[in-house]
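Structure record follows, encoded as structure tokens.
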Amino acid sequence: MAEGALLVAHDMLVTRYVTIASIMLLLWDHVITLGDEITLIWPAKFGIVKAIFLFNRYGVSLWIAVADVRAIYIPKRYNVSLPSNEFPKSCLAWNLTASCRGWLIANVYMELVAVQTTAFIVATRVFDIWQSQRLAFFVLGPFWVIHCALDVFICTKNLILRNRTFTYNPLTRSCVGSVENTWTVWLNGIVYHALILCLLLWLWLSTPRTSQTPFMNVVIRDGFLYFITIFSAMLFNLLIWRYARSSLAGLPYTSVWAVTTISLSRMLLSMRSVQGPAEWGQRARIAVPSRSIDIELGARHRQRAGRVQHVRSSVRGESFGTVVSYSSFGSVVDK
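Residue numbers (the working numbering): -6 to 328.
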């Protein structure tokens, strides 16, 4: 019994140290990348990618801070067996068990939103790397939607089954819940990011390269480190919940969230060959590819506002055609 209590105390101490280290890492990354953010992101045109960047950069960080401060703030004098009918006279103002249940449910959905926005940005980065934009849009779009819908279903089902286990633990003075078999909630995300990595590998291998552009240079340029870091963080969470002791269930909470937030920020701050906020805004723009454009020798077909205009150019009395293709984000450019 005493040995078990010591083991739980040890696990709680490890969790606390990892949590503090993760928060410090997140703050340090904010400080050293703030200059790039001010220069590149703030002046850029506001859009969905910029909104997600700011949400993960500040909204998620604030939520992590509130979650950790709240865990520490729960007063020690409420070290009683729960559930209890006593309402505390402090700022909690409700039964601790009900408070923990509501907090943990809100926390699950907040983390779900963060995970899905991360998956969305990962998809948009692959969209940017993929040269065939129409194919990329119609592959990655449904792929992300299916992944998102499955995650919402799996998490909601798990909450319905396990919300009664959410309670206040007077020993650790924290909100806890059963994580038995809940590791399966991470399977969908693991499969999604694994398939994304396989797709990226195929794109990199199929990209024409010269002797001056080695394969590893292409991989690093396109942010492979950030893709693999996000995948590894989610895999770490799954392994801890599957194989580690239940007293270590809180270990991945702050650490995984901090690592994915940092990776997402850096993924968007390090977009290849971006020279300024205007170009970043253009590269980060999500545009639905228009209907197919016919290409004919001797005529250029440009689609604007639902109309096709035929343009012929003449040089030295001879007509010739200009090839029309898609740019990296679906807009029409001339070659």
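Idealized CB from N, CA, C, for every residue including glycine.
Here the structure is a predicted model, which means the values were calculated and not measured.
(request) Work out the CA separation of Asn49 and Ser258 for me, nearest whole Å. (result) So the two alpha carbons sit approximately 8 Å from each other.
(message) Along the chain, where does the alpha helix (DSSP H) containing Asn174 start, and where does it finish?
(response) Per DSSP, Asn174 belongs to no alpha helix (DSSP H) and is neither H nor E.
(request) Thinking Ala226 and Val184 are a contact (beta carbons under 8 Å), I'd like their distance in whole angstroms, please. (result) Contact doesn't hold; Cβ gap of about 15 Å is too wide.
(request) Compute the Euclidean distance between the alpha carbons of Ala344 and Arg238, then round it to the nearest angstrom. (result) An answer regarding residue 344 cannot be provided, because it is not within the stretch -6 to 328 covered by the chain.
(message) Tell me which residues share the same chain as Leu196 and place their Cβ nearer than 7 Å to its Cβ, disregarding the 5 neighbours each side in the sequence.
(response) Within the same chain, Leu196 has close Cβ partners Ile122, Trp123.
(request) Measure how close the beta-carbons of Met260 and Ile114 come, nearest whole angstrom, since I'm counting them as under 8 Å. (result) Taking a contact as a CB-CB distance under 8 Å, the pair Met260 and Ile114 counts as one, their CB atoms being some 7 Å apart.
(message) Within a Cβ cutoff of 7 Å, which residues of the same chain sit near Trp56, ignoring the five residues on either side of it in sequence?
(response) Within the same chain, Trp56 has close Cβ partners Met103.
(request) Determine the extent of the alpha helix (DSSP H) in which Thr247 is found, giving its start and end residues. (result) Annotation: the continuous alpha helix (DSSP H) that includes Thr247 extends over 244 to 262.
(message) Considering Cα atoms alone, identify which of Ala(-2), Tyr219, Thr8, Ile16 is closest to Arg118.
(response) Its Cα nearest to that of Arg118, the residue Tyr219 stands out among Ala(-2), Tyr219, Thr8, Ile16.
(message) Considering just the uninterrupted stretch of the alpha helix (DSSP H) at Ser199, what are its terminal residues?
(response) Going by DSSP, Ser199 is part of the alpha helix (DSSP H) stretching over 180 to 199.
(request) Give me the Cβ distance between Leu133 and Phe120, rounded to the nearest whole Å; I'm assuming they're in contact under 8 Å. (result) The C-beta distance from Leu133 to Phe120 rounds to 6 Å, short enough to fall under 8 Å.
(message) With H, G and I counted as helix, E and B as strand and the rest as coil, what does DSSP make of Ser167?
(response) Here Ser167 sits in strand by DSSP.
(message) Suppose you measure from the CA of Val249 to the CA of Val62; what does that come to, to the nearest Å?
(response) Taking the straight line joining both Cα atoms gives about 18 Å.
(request) Using beta-carbon positions only, say whether Asn100 and Ala58 come within less than 8 Å of one another. (result) It is not a contact, given that the beta carbons lie outside the stated cut-off.
(request) Work out the CA separation of Arg94 and Leu180 for me, nearest whole Å. (result) Computed Cα separation, rounded: 24 Å.
(request) Measure the Cβ-Cβ separation of Pro245 and Phe229 and say whether it is below 8 Å. (result) Their beta carbons are under 8 Å apart, which means Pro245 touches Phe229 by this criterion.
(request) Tell whether a beta-carbon distance below 8 Å holds between Glu30 and Leu231. (result) No, the pair does not count as a contact, with Cβ atoms beyond the cut-off.
(message) My assumption, with CB atoms under 8 Å, is that Cys168 sits in contact with Trp234. Please give the rounded CB distance.
(response) Their Cβ separation, rounded to whole angstroms, is 17 Å, which puts Cys168 and Trp234 out of contact at 8 Å.
(request) Report the rounded CA-to-CA distance for Phe39 versus Ser125, giving the unit in angstroms. (result) Those two C-alpha atoms are separated by around 25 Å.
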